[in-house]
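Inspection log for the structure reproduced underneath, given as structure tokens.
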Amino acid sequence: MSRAGRPRIAISLGDPSGVGPEVTAGALRALRGELVPLVFGDRRVLARALGDLGLPVVEPGAPLPAGGALVATTALPAAQLRPGRPAPAAGAAQLAYVEAAFRAVREGAAAALCTAPVSKAQVARALPGFVGHTEWLEAACGVRRSVMMLAGDRLRIALVTNHVAFSRLRRALTLPRVVETLAITHRALRDDLGIARPRLALAALNPHAGEEGAFGDEESRLLAPALAAARAAGAPAAGPFPADSVFFRAALGEFDAVVALYHDQGLIPVKLLDAVGGDPAVNVTLGLPIVRTSPDHGVAYDIAGKGKASAASMIAALRLAVRIANVRARR
Numbered sequence: 009m010s011r012a013g014r015p016r017i018a019i020s021l022g023d024p025s026g027v028g029p030e031v032t033a034g035a036l037r038a039l040r041g042e043l044v045p046l047v048f049g050d051r052r053v054l055a056r057a058l059g060d061l062g063l064p065v066v067e068p069g070a071p072l073p074a075g076g077a078l079v080a081t082t083a084l085p086a087a088q089l090r091p092g093r094p095a096p097a098a099g100a101a102q103l104a105y106v107e108a109a110f111r112a113v114r115e116g117a118a119a120a121l122c123t124a125p126v127s128k129a130q131v132a133r134a135l136p137g138f139v140g141h142t143e144w145l146e147a148a149c150g151v152r153r154s155v156m157m158l159a160g161d162r163l164r165i166a167l168v169t170n171h172v173a174f175s176r177l178r179r180a181l182t183l184p185r186v187v188e189t190l191a192i193t194h195r196a197l198r199d200d201l202g203i204a205r206p207r208l209a210l211a212a213l214n215p216h217a218g219e220e221g222a223f224g225d226e227e228s229r230l231l232a233p234a235l236a237a238a239r240a241a242g243a244p245a246a247g248p249f250p251a252d253s254v255f256f257r258a259a260l261g262e263f264d265a266v267v268a269l270y271h272d273q274g275l276i277p278v279k280l281l282d283a284v285g286g287d288p289a290v291n292v293t294l295g296l297p298i299v300r301t302s303p304d305h306g307v308a309y310d311i312a313g314k315g316k317a318s319a320a321s322m323i324a325a326l327r328l329a330v331r332i333a334n335v336r337a338r339r
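Following this note's numbering, the numbering of the sequence shown begins with 9 at its first residue and continues without gaps.
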């Protein structure tokens, strides 16, 4: 923490050919004075996108200035840095930015990590088995399980399962996994967002929450026992509620967050509010010993470098990182 309320945030710049550099630059211009940025990326890209911010450029391993810095983690040839054109060397570079920014947080040089979008396919060429920031951070932090939450101003959604084929969903929805998700989400709402008595809801799996068994028994067989176990563990939640109503109930203020059972069940309402309601969502990883947020969009090669990318989600991601870092600092 640099000064009260103005934490140092480590930012990994993501794919140098994607929209990460431009949305990061736009967000930092909008948030001058709200945080101290430590941006890890490529020397040329940092100079091109963020050079007007007045931050010093430092080499990896050098002392990090108190007022923030651009850390020149790689120095790729200009031909590898064309917006909208993914490059062979970019996978290893994106991984290097994440590793360096993560290290800054773990070593206490920054209070939170905010990750700009990466190309999972490119990073996987440099690190076989890479499937995303969330899983990489779980391994790097040595935690068995974290929870992906998509958070906007009006709606927060935590996921029991992330990227699971629908045909495998029933096997993935186990009692311990649902209980663990409820417990991690409840704890994060209380300890990271400062909500003293979190109002948490659980979405049902079947239409009409099973209609007393007419459309499935997962609600009585799995979800009701999970709610009872979570309540006994100090993480009370209401439900299971039909998914066609629980999200708008939360958006209208009845609940602080909803635990959804699978990816699209939870992300459709969040992204609809983002696209139509102007409520940009943030991907925040719950259950880690560090603070990590990210904008809720990808590398967007199709618009990279064209001045069309909105910084709204990156602004929201950095603001949430600041909020959580300040809550943790007061604990």
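The beta carbon of each residue, even a glycine, is placed where N, CA and C say it ideally should be. Computed from a predicted model, the values in this text were never measured in an experiment.
Exercise. So what does Ser302 bridge to, in DSSP terms?
Worked result: For Ser302, which the question treats as bridged, DSSP gives the partners Asn291.
Problem set entry | Under the three-state DSSP convention, the category Arg46 falls into | One point to set straight first is that residue 46 is Leu, not Arg, in the sequence displayed. If DSSP states are grouped into helix, strand and coil, Leu46 belongs with the strands.
Problem set entry | beta strand (DSSP E) segment containing Pro248, residue limits | Segment Ala246 to Phe249, the beta strand (DSSP E) holding Pro248.
For this session: Tell me, please, which residues DSSP counts as bridged to Ile19.
Result: Val47 and Cys122
For this session: Pull up the CB-CB distance for Ala119 and Val299, whole angstroms please, since I reckon it's below 8 Å.
Result: 7 Å
Problem set entry | Per DSSP, cross-strand counterpart(s) of Val79 | Phe48 and Val66
Problem set entry | Three-state secondary structure assigned by DSSP to Leu210 | strand
Exercise. Is the stretch 262 to 270 close to the stretch 206 to 219, with three or more CB pairs under 8 Å?
Worked result: yes
For this session: Per DSSP, which residues does Met157 bridge with? Please list them.
Result: Ala166 and Val292.
Problem set entry | Endpoints, the alpha helix (DSSP H) within which Val139 is located | Counting along the chain, Val139 falls outside any alpha helix (DSSP H), and DSSP gives it neither H nor E.
Exercise. Out of Leu167, Cys122, Leu210 and Gly306, which has the shortest C-alpha to C-alpha gap to Gly92?
Worked result: Cα-wise, what sits closest to Gly92 is Gly306.
Problem set entry | Through-space distance from Gly295 to Ile192, alpha-carbon basis | 6 Å
For this session: From the DSSP output, read off the bridge partner residues of Ala268.
Result: Answer by DSSP bridge pairing, in chain order: Leu167.
Problem set entry | Beta carbon of Val47 nearer than 9 Å to that of Leu54 | Yes. Within cutoff.
Exercise. What residues in its chain sit with their C-beta under 6 Å from that of Tyr270, if we drop five residues either side in the sequence?
Worked result: Thr169 and Leu177
For this session: Work out the CA separation of Val65 and Val139 for me, nearest whole Å.
Result: 31 Å
Exercise. Near Asp200, what residues of its chain come up, given a Cβ to Cβ distance below 7 Å and the 5 sequence neighbours on each side ignored?
Worked result: Ile332, Val335 and Arg336
For this session: Excluding the 5 residues preceding and the 5 following Pro277 in the sequence, name in chain order all residues of the same chain whose CB lies nearer than 6 Å to its CB.
Result: Phe255
Exercise. Among the residues of its own chain, which have a CB less than 7 Å from the CB of Glu188, if the five just before and after it don't count?
Worked result: Arg153
Exercise. For Arg14, which three-state DSSP category applies?
Worked result: strand
Exercise. Are the stretch 276 to 292 and the stretch 156 to 163 touching, with three or more C-beta to C-beta distances below 8 Å?
Worked result: yes
Problem set entry | Cβ-based burial, Pro73 [other Cβ within 10 Å; buried from 16] | exposed
Exercise. Which of helix, strand or coil does DSSP assign to Val53?
Worked result: helix
For this session: Look at the alpha carbon of Pro233 and the alpha carbon of Ala196, and state the distance between them as a whole number of angstroms.
Result: 22 Å
For this session: Classify Met9 as helix, strand or coil using the three-state DSSP reduction.
Result: With a pLDDT of 43 at Met9, under the threshold of 50, the modelled position of this residue cannot be trusted; read the value that follows with caution. Reduced to three states, the DSSP call for Met9 is coil.
Exercise. Arg40 by DSSP, collapsed to three states: which one?
Worked result: coil
For this session: Following the continuous alpha helix (DSSP H) through Ile192, name the residue where it begins and the one where it ends.
Result: Leu183 to Asp199
Exercise. By Cβ distance, which residues of its chain are closer than 7 Å to Ala319, with the 5 residues on each side in sequence left out?
Worked result: Val31, Gly34, Ala35 and Ala38
Problem set entry | Rounded separation between Gly242 and Val186 - CA only | 14 Å
For this session: Let me know if His171 comes out buried or exposed under the rule of 16 or more other beta-carbons within 10 Å of its beta-carbon.
Result: exposed
For this session: Return the first residue and the last residue of the alpha helix (DSSP H) that Ile203 is part of.
Result: From DSSP, Ile203 is part of no alpha helix (DSSP H); its letter is neither H nor E.
For this session: Name the two residues that bound the continuous alpha helix (DSSP H) containing Gly99.
Result: Ala98 to Arg114
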